[in-house]
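Please read the structure below before turning to the comments.
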Amino acid sequence: GDSDGDGEELVLTPAQLIRSLEQAWLNEKFAPELLESKPEIIECVVEQLDHMEANLKRAKRGDLKVSVHRMEIERIRYVLSSYLRCRLVKIEKFFPHVLEKEKSRAKGEPSILSPEEFAFAKEYMANTETYLKNVALKHMPPNLQKVSLLKSVPKPNLDSFVFLRVLERQENILVEPETDEQRWVGPWVFPRQCGTVRDGDMMQHHACPRREYTIDLEEGSQHLIRYRTVAPLVASGAVQLI
């Protein structure tokens, strides 16, 4: 294990460590935005892999356990490399927004970039700016020779939908209607400020749209929901993207 931001020792068994890596991997894979960096998990997993490799070298040849352990090492290496590759793809896709978020984060707030990823993002942005300048901008009129990458590069779509499994029961989660049609689905509510409705005359334009509502997420249940709604629960580990 390693220590977290509060200086408390984080102690995990090897099985818990690999589970933490798999959870971080799945969340990163299915979340539309770059999630918080997990350098302590990465470091511990690398140490664990080195330890497993050392144990294999001491094992007797022909032992069936050797091939089983070798397969497990390869599986963990695959998950680790896939996780890191997934993060690099997001950094390349959203680099101005990632750097801006890192720059504006409050003191004590967890970083979304490891030091290596931060250096990569800065270099990627500098190279992109240089390329744009040399290939296109310098050939344009002076008033068009500046471009805002923050405005030009699309932001992560936080309103995209994700599948999730609930690990810890959550109550009163505020949800916005997923579609315009759902804003007019019952139960019907007719506050006075929305207009008067005659008996038997339930026209849509008289009703107030349902702007938001709350739901409870039961442990073990699975949902398809807007990412923005559950982003804090993904960050806290209360839900797992699947």
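FYI, the numbering for the sequence shown is 1 to 242, going by UniProt numbering.
In this text, a Cβ means the ideal position worked out from N, Cα and C, and glycines have one as well.
The model shown is predicted, which means the values in this text are computed figures rather than measured ones.
Around the C-beta of residue 76, are 16 or more other C-beta atoms found within 10 angstroms, so that it is buried, or is it exposed?
-> buried
Going by the beta-carbon positions, is the gap between residue 69 and residue 56 smaller than 8 Å?
-> yes
Opposing strand residues paired with residue 83 [DSSP bridges] | In the DSSP output, where bridge partners are listed per residue, residue 83 has none listed.
Sorted by chain position, which residues of the same chain lie with C-beta nearer than 8 Å to residue 91's C-beta, five sequence neighbours on each side aside?
-> 34, 98, 113, 117, 120, 121 and 124
Are residue 32 and residue 213 touching if we call contact CB-CB under 8 Å?
-> no
Is it true that the stretch 216 to 230 meets the stretch 159 to 176, where meeting means three or more beta-carbon pairs spaced less than 8 Å apart?
-> yes
What's the C-alpha gap between residue 29 and residue 94?
-> 15 Å
Coarse secondary structure for residue 112, derived from DSSP in three states = coil
Identify, in the order they occur along the chain, each residue of the same chain with its Cβ nearer than 6 Å to the Cβ of residue 86, setting aside the five sequence neighbours on each side.
-> 28 and 29
Straight-line CA distance for residue 106 to residue 36?
-> 14 Å
What do you reckon, are the CB atoms on residue 165 and residue 242 nearer than 8 Å?
-> yes
DSSP beta-bridge partners of residue 73 | In the DSSP output, where bridge partners are listed per residue, residue 73 has none listed.
Can at least three beta-carbon pairs, one atom from the stretch 125 to 141 and one from the stretch 39 to 47, be found at a separation below 8 Å?
-> no
DSSP-derived helix/strand/coil call for residue 214 = strand
First and last residue of the alpha helix (DSSP H) that includes residue 224?
-> Premise fails: residue 224 lies in the beta strand (DSSP E), 222 to 226, not in any alpha helix (DSSP H).
DSSP on residue 134, reduced to helix/strand/coil?
-> helix
Separation of residue 39 from residue 73, as counted between CA atoms | 20 Å
Under a three-way DSSP split, which group does residue 165 fall into?
-> strand
C-alpha distance - residue 101 paired with residue 216, whole-angstrom precision | 30 Å
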